[in-house]
Amino acid sequence: EPASPVRDDSQGEACPTDSGFIADQDRATIAKSFTLPRNSAPRVTSPVAEEGSMQQIINELTAFCTSLQRQHFELLAKFQAQEVEIIRLKER
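Using full-length UniProt numbering, you'd call the opening residue of the sequence shown number 1 and step up by one each time.
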């Protein structure tokens with residue numbers, strides 16, 4: 001039996017939740033934003049415009065990572081509270 005339900009990934013995903021689905025949707029959205037249509041002509045951009053575009057991408061990815069971290073910590077706290085409750089109930 002695993003020491004903690006949070007880290008048991010022997011059966012696949014450690015904590016299958018709706019947030020996994022949300023993360024998949026976010027990854028798909030990001031992937032779409034990085035792909036150009038096949039028939040698109042190469043764009044000529046100034047270094048300043050390209051730098052602004054890259055900064056926007058960095059900002060979006062930073063926000064996405066921050067959101068994932070928050071979800072991770074919320075789930076971790078939830079599972080730890082459940083683990084404490086399970087131990088308390090077993091002691092009865």
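Where a beta carbon is used, it is the ideal one built from N, C-alpha and C, also for glycine. Please read all numbers here as calculations on a predicted model, not as lab measurements.
Review point. DSSP on residue 100, reduced to helix/strand/coil?
Key: With the chain running from 1 to 92 in the structure shown, residue 100 is simply not present.
Review point. DSSP on serine 46, reduced to helix/strand/coil?
Key: To locate residue 46, count along the sequence shown from 1; it is residue 46. DSSP places serine 46 outside both helix and strand once states are collapsed to three, so it counts as coil.
**Study point:** Spatial distance of isoleucine 58 from proline 47 (CA atoms)
**Key:** Position 58 of the sequence shown, counted from the start, is the residue given in the question as residue 58. Position 47 of the sequence shown, counted from the start, is the residue given in the question as residue 47. Each residue's CA atom was taken as its position, placing isoleucine 58 and proline 47 some 16 Å apart.
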